Amino acid sequence: MRVVIAEDLALLRDGLTRLLRDNGFDVVAAVRDGEALVHAVLLDEPDVAIVDIRLPPTFRDEGLRAALTVRERRPGTAVLVVSQYVEQEYAAELLADGRGGVGYLLKDRIMDVDDFVDAVRRVADGGTALDPDVVAQLFSRQQAEGPLERLTPREREVLSLMAEGRSNAAIARQLVLTVGAVEKHVASILAKLRLPRSQDDHRRVLAVLTYLQGN
Amino acid sequence: MRARVRTLAFLLTAVPLGAVGVLVLIAGWTLTVLLAITPAVVPVLLGFRAVLGSLARAEASLANTLIGTSVRPPVTAAGGRNFWRRGYSVLWDPAFWRQQLYVLLRVLVGWTLAVLEVSLLATALGATAMPIYYRWSHPEIANGWPVDTLPRALLCVPAGVVLLFVGIWLLRPLRTLFRGLATRLLGDDRVAAMTPAEARARRLHALELHAGFFGLLNALLIVIWALTSRGYFWPVWTLLALGLPLAIHAWVVLVRERPQVARRQRVPRALGYYEGVALSVSLFLVLVWAVTGRGYFWPVWPILGFAIGLAAQAFVVVVRRVRRGEERIETLETSRAGAVDLQESELRRIERDLHDGAQARLVDVGMSLGLAEQKLRTDPGAAQELLAEARRGTHEALEELRDLARGIHPPMLTDRGLDAAVRSLVDRSPLDVHVDVELDGRPTPAVESAAYFVVAEAVANASKHAGANRLDIRIRPLDGADAIEVEVEDDGHGGADESGRGITGLRQRAQALDGTLAVSSPEGGPTVVRAVLPCAS
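Going down the list, the sequences are from chains A and B. The opening residue of the first sequence carries number 344 in the working numbering; numbering runs sequentially from there. The opening residue of the second sequence carries number 1165 in the working numbering; numbering runs sequentially from there.
Listed below in structure tokens is the structure:
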């Protein structure tokens, strides 16, 4: 799997490159700003680009803008944006085009190597990886007496993991349940929130996020 | 018909009331000008307004009875913070000037129209009654057309009847005219209810009307002078008498609408008005002197008086400016000391947070890693446990550093500005928050940051102390000033401690930018935090 990295700090750039190579990824380019990222993507045609939000020259949301440019110039490129902080608004901007292959994670998550590698693969395959912090923020904005209150604690856990973009199998692994049990929970959640069933993980994420943001 | 009779009566009352009004104006202004720079001018102005006010009320009740208006002159209480302002506030009272204008118009227009109307009616009656008395008087209507026979006298009757009808008919438009004048000048101030732009247009329009009236009337008088005697140039007197108020009016409007006129001379507005009035009156007196034989140059005395007044006022202005400068230095010293204190205590807080938080966590992570290293060979299971613990510790340390960084300067503020940062802040709050940010462009970073922390502190207080459910956040440019206004209102139970650390810090922050912070939090709520932050650097 071909990966391009955009990160301005050499320490993190090299660490990330090593981590991904050790896990069987082919890091074809590691660049230090947004412009170089767009070049590298067009030249090396990677499966996924991992982009830090804060990049030169402005050290603002340069990386996010570069990621959006990449998806515009070469549709189908999966993009995983990593950052020292997460903002709901940025998540919304990344997800806005409605196509899959998007991730937005705190840099902390890289330390949980298995989970991170799983997220990179998921995004490269057209899935979604949304940071638990963003999901938690979305949950915290919910009114106390909404339909969410009718979910059992276990169902809320499942819903959070769904919003992060995980598949039923991954949810089952995480919560130490059988896939059948997770499927039952998912069906119950979708019924309680009146959301459409969908086989496509990414579409399921969008439905859940739209629901969470809409209330 | 009754209405017309009443209108005629109203026209005739112009004679006595107009005379009284002119007397009041002359006495009032003479005393005011003579005592202008003495303390006695204050009671004079207040008395002047009181007398003028009673006259206006008498005029209003007369107009209400005779020409069917329904006006009530506004009663204005003396305002002003101190003795002098109390007096000068009279001059800023629009009702005071409108009442004077009414009195003047009652004389200038009222007398003229009353005389014309009465002469017209008298002529009409005379002509109609001609057949009765032509025998004794033989009036000569035109050259070589004496009315000395009955047929000639009878011929006059239809002319008289027509004139009579014209005279009676004319009473109607006259009534409308005076109704309009009384409503506009004696009634409530409609200018006060206007927007500044409308009021400004209206003031300029009023000046145009005044100038137009001046031009027309004098042109008319000069034509009359040219057509008649052409002897002594008497219209010079109306030119001078009406020119003086016009000059003063024009100057006042100029200083008011074009503040740069006064600013360029580095004088306050009041002094600007004074200068204009003194200059106009001096010029008027010199012209009067020039017209009246140019003997002894008597205007030197009032001009000297004005010069002394001007010098005294200028002195007061300079003294006040110096004192204001000193006060300003004092404020700056206090706010700078506050800013330094604030910075100092912020740095200490950050140091403590780092020491107790992230640093301690990293030590803990290091210890876990050391232990894991030891146990790697002997007890790989325990080593794995320790490594996982170290990873969790790192995550927690990062989380604390992130919160700390957000408290120093939120990343969203750097990235996207105030609006986005405030929205991101309230996204993290469980309260029902309404954000309304109306800014054109981005303020300076210092202002953005101060505004952000005002909101952040208010939001934190609202959920922590006030027990609020709903918050309204408004950030917008302050009208007419280069500043932004930040307002946060909650529906909590109020009673916020204004001397608390958070509020004090915010106040110092605002003062360091030359701004202000006010907290209103009565028991029972609501709490409103309002900061005004100047944008000019």
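Ideal Cβ placement from N, Cα and C applies to all residues, glycine included. Computed from a predicted model, the values in this text were never measured in an experiment.
Original post:
What residues in its chain sit with their C-beta under 7 Å from that of Ala-1503/B, if we drop five residues either side in the sequence?
Top reply: If you number the second sequence from 1, residue 1503/B lands on position 339. Excluding residues within five positions, the ones whose Cβ falls inside 7 Å are Gln-1672, Ala-1676.
Subject >> Those runs of the alpha helix (DSSP H) which lie wholly inside the stretch 1182-1242 of chain B and span at least 4 residues >> reply: If we require 4 residues or more, the alpha helix (DSSP H) runs fully inside the stretch 1182-1242 of chain B come out as 1205-1230.
**OP:** Kindly indicate the opening and closing residues of the alpha helix (DSSP H) around Ile-514/A.
**Re:** Your numbering for residue 514/A matches position 171 in the first sequence. 511-518 is the span of the alpha helix (DSSP H), which, as asked, contains Ile-514/A.
**OP:** Compare the C-alpha of Ser-426/A against each of Gly-1232/B, Met-1576/B, Ser-1663/B and name the closest.
**Re:** Locating residue 426/A in the first sequence gives position 83, where the first residue counts as 1. Cα-wise, what sits closest to Ser-426/A is Met-1576/B.
Original post:
Run through DSSP, which three-state label would Ile-396/A get?
Top reply: Here residue 396/A refers to the residue found at position 53 of the first sequence. DSSP places Ile-396/A in coil when its eight states are reduced to three.
Subject >> Under 7 Å by beta carbon: chain A residues contacting His-1559/B >> reply: On the second sequence, residue 1559/B is found 395 positions in, with the first residue counted as 1. Those within 7 Å of His-1559/B in chain A are Asp-451, Met-454.
Original post:
List, in order along the chain, the chain A residues whose C-beta lies closer than 7 Å to that of Ala-1147/B?
Top reply: The displayed coordinates of chain B run from 1165 to 1701. Any statement about residue 1147/B would go beyond what the structure contains.
Subject >> the stretch 1608-1618 of chain B contacting the stretch 1684-1699 of chain B, beta-carbon criterion three pairs below 8 Å >> reply: yes
**OP:** Check each residue of the stretch 403-432 of chain A: if its Cβ is closer than 7 Å to any Cβ of chain B, include it; give the result in chain order.
**Re:** Arg-403, Asp-404, Gln-427, Tyr-428, Glu-430, Gln-431, Glu-432
Original post:
Grouping DSSP H, G and I as helix and E and B as strand, with all else coil, what is Ser-1701/B?
Top reply: In the second sequence, the residue the question calls residue 1701/B occupies position 537. Low confidence applies here, because Ser-1701/B scores a pLDDT of 48, under 50, leaving its location unreliable; read the following figure in that light. Residue state, collapsed to three classes: coil.
Original post:
What are the boundary residues of the beta strand (DSSP E) that includes Tyr-447/A?
Top reply: By one-based count along the first sequence, residue 447/A stands at place 104. Its beta strand (DSSP E) spans residues 445-449.
Original post:
Ends of the alpha helix (DSSP H) at Asp-458/A?
Top reply: The sequence position of residue 458/A within the first sequence is 115, counting from 1. Start and end: 456-467.
Subject >> Unbroken beta strand (DSSP E) run spanning His-1598/B, endpoints >> reply: On the second sequence, residue 1598/B is found 434 positions in, with the first residue counted as 1. Start and end: 1596-1601.
Subject >> Any C-beta of chain B under 7 Å from that of Gln-517/A >> reply: Within the first sequence, residue 517/A is the residue found at index 174, counting from 1. No, no contact with chain B.
Original post:
Using a Cβ-Cβ cut-off of 7 Å (strictly less than) and excluding sequence neighbours within five positions of Arg-1580/B, which residues of its own chain qualify?
Top reply: As a first step, residue 1580/B must be located in the second sequence, where it is residue number 416. Excluding sequence neighbours, Arg-1580/B sits near nothing in its chain.
**OP:** Determine the chain A residues that contact Ser-1684/B at a beta-carbon separation under 9 Å, and present them in chain order.
**Re:** Start at 1 with the first residue of the second sequence, and residue 1684/B comes out as number 520. Per Cβ cutoff of 9 Å: no residues; Ser-1684/B is ~29 Å from chain A at best.
Original post:
Do the stretch 465-473 of chain A and the stretch 446-457 of chain A make contact, defined as three or more Cβ pairs closer than 8 Å?
Top reply: Contact annotation: the stretch 465-473 of chain A touches the stretch 446-457 of chain A, with at least three C-beta pairs closer than 8 Å.
Original post:
Exposed or buried, what is Gly-1233/B when buried is set at 16 or more other beta-carbons lying within 10 Å of its beta-carbon?
Top reply: The residue labelled residue 1233/B in the question sits at position 69 within the second sequence. The sequence shown places Thr at residue 1233/B, not Gly. The residue in question, Thr-1233/B, is buried, as its Cβ has 16 or more Cβ neighbours within 10 Å.
Original post:
Given Arg-1640/B, which residues of its chain have a CB within under 8 Å of its CB, disregarding the five upstream and five downstream residues?
Top reply: Along the second sequence, read from residue 1 onward, the residue named residue 1640/B stands at position 476. Cβ neighbours of Arg-1640/B beyond the five flanking positions: Asp-1600, Val-1601, Glu-1602, Leu-1603, Ile-1648, Glu-1649.
Original post:
When the distance is taken between beta carbons, is Val-1611/B closer than 7 Å to Ile-1637/B?
Top reply: In the second sequence, residue 1637/B corresponds to position 473, counting from 1. In the second sequence, residue 1611/B corresponds to position 447, counting from 1. Going by C-beta atoms, Ile-1637/B is not nearer than 7 Å to Val-1611/B.
Original post:
Would Phe-1479/B be called buried (16 or more neighbouring beta carbons within 10 Å of its own) or exposed?
Top reply: Indexing the second sequence from 1 puts residue 1479/B at position 315. By the neighbour-count rule (16 or more Cβ atoms within 10 Å), Phe-1479/B is not buried but exposed.
Original post:
Any Cβ of chain B within less than 7 Å of the Cβ of Gln-556/A?
Top reply: To locate residue 556/A, count along the first sequence from 1; it is residue 213. No, Gln-556/A lies away from the interface with chain B (no Cβ there is under 7 Å from its Cβ).
Original post:
Relative to chain B, which residues along the stretch 532-543 of chain A have a C-beta separation below 7 Å, given in chain order?
Top reply: Of all residues in the stretch 532-543 of chain A, none has a C-beta nearer than 7 Å to a C-beta of chain B.
**OP:** Identify every run of the beta strand (DSSP E) within the stretch 352-391 of chain A, keeping only runs that are complete inside it and at least 3 residues long; order them along the chain.
**Re:** Runs of the beta strand (DSSP E) lying entirely within the stretch 352-391 of chain A, each at least 3 residues long, are 369-374 in chain order.
Subject >> Reduced DSSP secondary structure (H/G/I, E/B, other) of Val-429/A >> reply: Along the first sequence, one-based indexing puts residue 429/A at 86. Correct three-state label for Val-429/A: coil.
Original post:
What's the call for Pro-490/A, buried or exposed, on a 16-neighbour Cβ count within 10 Å?
Top reply: Counting from one through the first sequence, the residue named residue 490/A turns up at place 147. Exposed, by the Cβ-count rule.
Original post:
Using 8 Å as the Cβ pair cut-off and three pairs as the minimum, do the stretch 1453-1461 of chain B and the stretch 1405-1418 of chain B touch?
Top reply: The stretch 1453-1461 of chain B makes no contact with the stretch 1405-1418 of chain B; the number of CB pairs closer than 8 Å stays below 3.
**OP:** Step through the CB atoms of chain A and report whether any lies within less than 7 Å of the CB of Ser-1701/B.
**Re:** Mapped onto the second sequence, residue 1701/B falls at position 537. With a pLDDT of only 48 at Ser-1701/B, under the threshold of 50, the placement of this residue in the model should not be trusted; the figure read from the coordinates follows. Taking Cβ atoms only, chain A never reaches closer than 7 Å to Ser-1701/B, which makes this a no.
Subject >> Beta-carbon proximity list for Asn-1625/B, same chain, < 7 Å, skipping 5 on both sides >> reply: Looking up residue 1625/B in the second sequence gives position 461. So the qualifying residues of the chain are Ala-1660, Gly-1666.
Original post:
If you follow the alpha helix (DSSP H) that Thr-1402/B is part of, which residue opens it and which one closes it?
Top reply: Within the second sequence, the letter at position 238 stands for residue 1402/B. Counting along the chain, the alpha helix (DSSP H) containing Thr-1402/B begins and ends at 1399-1421.
Original post:
Where does Val-1527/B fall in DSSP's three states?
Top reply: By 1-based counting over the second sequence, the position of residue 1527/B is 363. Note: Val-1527/B maps to helix in three-state DSSP.
Original post:
Are the CB atoms of Ala-1220/B and Pro-1207/B nearer to each other than 7 Å?
Top reply: On the second sequence, position 56 is the one that residue 1220/B refers to. On the second sequence, position 43 is the one that residue 1207/B refers to. The answer is no: Cβ separation not under 7 Å.
Original post:
For Ser-1532/B, which residues of its own chain have a beta-carbon under 6 Å away from its beta-carbon, when the five flanking residues on both sides are left out?
Top reply: As a first step, residue 1532/B is located in the second sequence; it is residue number 368 there, counting from the start. The answer, listed in chain order, is Leu-1550, Glu-1553, Ala-1554.
Original post:
Can you find a CB in chain B that lies within less than 7 Å of the CB of Ser-510/A?
Top reply: In the first sequence, the residue the question calls residue 510/A occupies position 167. So no, Ser-510/A is outside the interface.
**OP:** Taking Glu-1281/B as the reference, give the member of Trp-1333/B, Tyr-1438/B, Leu-1209/B with the closest Cα.
**Re:** For the purposes of this step, residue 1281/B is taken as the residue at position 117 of the second sequence. Comparing Cα positions, the closest option is Trp-1333/B.
**OP:** Return the first residue and the last residue of the alpha helix (DSSP H) that Arg-1367/B is part of.
**Re:** On the second sequence, residue 1367/B is found 203 positions in, with the first residue counted as 1. Where Arg-1367/B is concerned, the enclosing alpha helix (DSSP H) stretches over 1360-1391.
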